[in-house]
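Working notes, beginning with the structure itself.
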Amino acid sequence: MSDSDQVHEALGTIDHPDGSKTARPGFDRRAFLRRTALTGVAAGSVGTILNACGSSASSSGGGSESVFGKHKNYKFVFVNHVTTNPFFTPTQYGAADACKLYGCSYQWTGSESSNVNQMVNALNSAVTSGADGIAVALIDLHAFNAPVEAAIKAGIPVVAYNADAPGNARLVYIGQDLKKAGEEMGKRIVAAVPSGDVALFIATPGSANLQPRIEGAEKAIKASGKPITIHTVATGAAVPAEESTINAYWLGHTNTKGMYAVDGGSTESLAKVMQKNGLAAKGVKAGGFDLTEATQKLLSEGNIEFTIDQQPYLQGFLPVQQLFLYKVSGTLTGLAETDTGLKFLNKETVAPYLKTKTRYEGTSSAVTVVA
Amino acid sequence: MADPPNTQPQVATAPTEASDDVLRVEHIAKRFGPVTALRDVSLHLKKGEVLGLLGDNGAGKSTLIKIISGFQKQDSGRMFLHGQPYEPKSVDDARAKGIDTVYQDLALIDELSVYHNMFLRRERVMRPVPLLNNREMKREARQALDGIGINIPRIDVAVARLSGGQRQAIAVARTVNSDSDIILLDEPLAAMGVKEGAQILDLVARLKEEGRVSIIMILHNYVQVFEACDRVNMIQDGRITLDRPTSETSVEEITNIVVDEYRRAREEEHAEAARSGASTSDGPPPDGAPQPS
Amino acid sequence: MASVAHEPAAGGPGRGPQSPADAGGHRPGWKAVLQRVISLREGSIIVVTVVTAIYFAANTSSFFTGTNFKTLLPYFAPFAILAAGEVFVMILGEIDLSIGAMYLFAPILFFKMNTSVGLPLVPAVIVALLMCAAVGAVNGFFVAVIGINSFVATLAMLFTFEGLALIVSKGTPVATPGASLHTTTQNVTHIVNGHAVTLPEQVNHISTFAKIFGGGTYSELIWALVIVGILQVVLTFTRWGLYTVAIGSNKLGAAEAGVRVKLVMIRNYVLCATLAGLVGIFEAVRAATVQPDPAGANEILFLAVAAGVIGGTLLTGGSGTVVGALIGALFLGILKEGLVLQGVNANYLLFYTGLAIIVAMTANVYVGRVRRGQGSG
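Chains as they are written, first to last, in this note's numbering: chain B, 102 to 472; chain D, 16 to 308; chain X, 662 to 1038.
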């Protein structure tokens, strides 16, 4: 969309019923990405912007006036795979805060149960409703390719957040580098458990938001050459069932030296099982991903050794920020591949999370400055 | 428990078996677990005859009907249809052999229309695509109902919307219409007003006049039995205890039999209670002798 | 059970769309037309659906557009097919929960048949559907012959085959065979502001197979309309349909009349499971991915049953309509799509959907009473 040629611009809005895509000669997406993705947006700079523009934020209808000048009230749509999952509560706060800051609005929609067909439906509806931008969690490698292409063809910028699919036409990805996160976890596993049986728990094997982590972990463990036997265990998407699955696994495999989970639900359940059976004291190593309240508490009590934070708040804030800048700049700037982080938290470093209840972790809806 | 055949209770009158029997039932017994429904039942039915089957609730009338119609199978005993051994494998099989039943629980389908009910399992379909030929069924149903004098104003309404008498009449008409030569009617007058009951009895009388079909009919009301039937059989405690043409007996006689039976059973109970000892299951043979007043 | 009075027994709805209208159309006007519509079994849900559509058309500018029509299709067409099959089981007075598993399992089996066994696409689809038919037959066997409660029997099959789907797929999503896009570049001439401009364009193609089996824009709609049409005829104008209603209305009576109850029941379960498998394959082709995801499949199952019930089919059996199921699915689809278009967030979406269904069903019952000419009761 970076070209300003009138003919091309007109072509961009032509609706091709046969599903064809206009190749815009003036627009090379990869080149564009190279240009804009030289540096990721640092989390710190977000705070600066927040302070700078906080007072001018307004999302009242019609248009908004900000440091960027008068602009329309952009509407951005987040297509999510588990819309009602508490993991994404801070993500929604992030999106809401960014909208308030920049004077735009967002819609949170998709599927409650990782149903990609429902997500595709929601994405198509977003296009139909004339959204100004779409953020989608690309949890499937194939399903979103055609719909995302169609949206971009219709002139709607699409970014991926939380999960990415290689080969998808999305403009940028904003979220954790999942494979790298898995590899880092794998290194920790190798350090903690030099040999023996290690169980890796995953809620839904194969989903593009989780599978790369487990593959990364396996890769790192294999690369170490240590005599570690990996057992991958699917725990399912429902938290109560996850706990009983993990508990049953432990009871059946008490010679397991380490147990690790690659998703938030499994991590919380794993920590509960560790606590229930007093496994940390027995020398069983454990760790996982994400920061539910229960995980934080159990981590601080030493039931698991670490959890990896991926900053879900930023995964809501940054897509809105980037899409907004992309719109107000007339597509000249705004988009940047962003890794929202790979932050290992242990018993000590989790303390501040436990002490404060904030929007940034989804533990409170109150708008307060954490001193 | 089952008595050997030679202790079979006396039948009040001599058997009237004849060569023109369309159906003969010999020594049928049927048990359901610990319950003996039929001990030893024999009966016969002549061509064009209307046989009334009497008996208290639980005496085994309905079980007998279900065995004859192929819905259940007897434990022992044999049946003969037109002199040939008759062993129905199913309701369909019995129907194919010419025996059809109107059940006490009315095999009508509430949600289906009158004409669909009348043609259930004998639907008229079009050629070559087997879609239901509703027009033809409506026409034939109307014809059949008119033919036996049943007045149903609308035959395309669901039978759930009809009165009990109308429903029963349709059930009978369906059976008559199915080219059966033996029709079993299980309490055709149950849950029916006087006027509606009269309609059904008129219908039976017309069928009797035609003489084409033979009918076995379970009834409760003795007056109706004498109005509609040529002959009456009484079942008590799984046995036939009376077999007599209606012209040779009366409402009073049958009433007495039933009352006697009731009294005798009570006396026995008392006697047993008085003895309060080991009871022998072989009581005196039931005193089936009628006491004409 | 039978009313003694000569008045028509209350509560006996007429059968099918040809059921007698209580009102005679003496003067053809909008009132008569409305009365005729309401007199249909599907009448009340038609009214409710139209009102819902009008509401969204009035409140959301993008709702009543050609583009949105295409967007709306996948919100209801798959559910219409699922519900059409389910209606045949619900009329029996039974339920089939295993459709969720068939929806999940059929595309996985299709994938395996194509990739592991090496069958061509269409035979692979046929094998997958035959498998679903077999599961349907087993469902029917358990319910009709063994006599297990259908809720429990099909729930067990739901778990069994969802589990099997996870085992066979190893829980990993895969690309649907024959559904991937391939892109070619061609020169296309457009007229822009009166000038002819020829530019190279990338054109996406999907295979003919994918176009037919759910990938084409109108594929699922056409399948839904054809299947619903055929099944409504089967239900209303064939012995099969007649026996289905008979069994649901009076199973013992149907058996006494000589209807082969078990055979009909098994047949209906086979139909229901096969259609569910077909929809599973359609949806896998449409999304270009085969997802072993039981939670999503279970949600689909509930929506399909809801579409049937909302459309006017009784869960207690004996009465039902396939066209109603289509309209019930359409109602749910319009409701959900309209709310999404309006920008309703996910947490509120469920809330509004629930409220709307209750309002719609209340209206449905009320209109139904008007249809039967009863003020109350």
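Ideal Cβ placement from N, Cα and C applies to all residues, glycine included. Small disclaimer: the values here were computed from a predicted structure and weren't measured.
Which residues DSSP lists as bridging residue i, in chain order
i         : result
D/His-131 : Paired residues: none, contrary to the question.
D/Arg-259 : D/Val-247
B/Phe-179 : B/Trp-209, B/Ala-236
B/Thr-357 : B/Asp-298
X/Ala-836 : X/Thr-950
X/Pro-861 : X/Asn-848
B/Gly-389 : B/Thr-408
X/Arg-921 : For X/Arg-921, which the question treats as bridged, DSSP gives no partner whatsoever.
B/Leu-400 : None; B/Leu-400 has no bridge partner.
X/Leu-770 : According to DSSP, which records beta bridges pairwise, X/Leu-770 is partnered with nothing at all.
D/Arg-93  : D/Glu-41
CA-to-CA distance, residue j to residue i, given in whole angstroms
i         : j          : result
B/Leu-202 : B/Gly-353  : 52 Å
X/Pro-784 : X/Leu-770  : 12 Å
B/Thr-192 : B/Ala-452  : 21 Å
D/Glu-102 : X/Lys-912  : 25 Å
D/Met-4   : D/Thr-256  : No answer is possible for residue 4 of chain D: the residues shown for chain D start at 16 and end at 308.
B/Leu-371 : X/Lys-773  : 33 Å
B/Ala-197 : B/Lys-458  : 18 Å
B/Leu-433 : B/Asn-186  : 35 Å
B/Gly-211 : X/Thr-1014 : 15 Å
B/Val-299 : B/Arg-314  : 15 Å
B/Ser-214 : B/His-182  : 7 Å
X/Ala-767 : B/Phe-188  : 32 Å
B/Val-363 : D/Leu-127  : 58 Å
D/Leu-38  : D/Asp-107  : 18 Å
D/Asn-149 : X/Leu-924  : 24 Å
X/Ser-830 : X/Val-889  : 31 Å
D/Gln-214 : D/Gly-164  : 9 Å
X/Gly-985 : X/Thr-974  : 8 Å
Closer than 7 Å at the beta carbon, the chain X residues around residue i
i         : result
D/His-235 : In chain order: nothing, as chain X lies at least about 16 Å away.
D/Arg-136 : Ala-918, Gly-919, Val-920
B/Gly-211 : Ala-1007
B/Gln-208 : Gly-1004, Asn-1006
D/Val-106 : Glu-917, Gly-919
Rounded Cβ spacing between residue i and residue j (contact assumed at less than 8 Å)
i         : j         : result
X/Trp-884 : X/Ile-742 : 6 Å
D/Gly-70  : D/Gln-251 : 6 Å
D/Ser-77  : D/Asp-201 : 6 Å
D/Thr-261 : D/Val-228 : Between D/Val-228 and D/Thr-261 the Cβ distance is about 18 Å, and since that is not below 8 Å, they are no contact.
B/Thr-305 : X/Asp-954 : 7 Å
Interface partners of residue i on chain B, CB under 8 Å
i         : result
X/Ser-759 : The premise fails here: X/Ser-759 is roughly 18 Å from chain B at the closest Cβ pair, so nothing lies under 8 Å.
X/Lys-831 : Pro-306, Gly-307
X/Glu-998 : Asn-222, Ser-226
Partner residues on chain X for residue i, Cβ-Cβ distance less than 9 Å
i         : result
B/Val-221 : Pro-735, Arg-947, Ala-948
B/Asp-241 : Pro-834, Ala-948, Ala-949, Thr-950, Gln-952
Opening and closing residue of the beta strand (DSSP E) in which residue i lies
i         : result
B/Leu-330 : Before going further, note that residue 330 of chain B is Thr rather than Leu in the sequence given. That run of the beta strand (DSSP E) goes 329 to 335.
B/His-172 : 170 to 173
D/Ile-198 : 197 to 201
B/Ile-290 : No beta strand (DSSP E) holds B/Ile-290; the alpha helix (DSSP H) holding it covers 279 to 293.
D/His-42  : 36 to 47
D/Gly-67  : 65 to 69
Range covered by the alpha helix (DSSP H) that runs through residue i
i         : result
B/Ser-226 : 217 to 229
D/Lys-81  : 76 to 83
B/Val-421 : 413 to 429
X/Leu-701 : Looking at the DSSP string, X/Leu-701 is not in any alpha helix (DSSP H), and its letter there is neither H nor E.
D/Asp-217 : 209 to 225
D/Met-141 : Segment: none, D/Met-141 is in no alpha helix (DSSP H) and carries neither H nor E.
X/Val-813 : 811 to 830
X/Tyr-736 : 727 to 752
Contacts of residue i in chain B (Cβ-Cβ under 7 Å)
i         : result
X/Thr-728 : Thr-229
The ligand ADP heavy atom lying under 6 Å from the CB of residue i
i         : result
X/Gly-978 : Among the components of this structure there are no ligands whatsoever, and the ligand ADP is therefore not found.
Below-7 Å beta-carbon distance, residue i vs any chain E residue
i         : result
B/Asn-269 : Chain labels in this structure do not include chain E; the protein chains are B, D and X.
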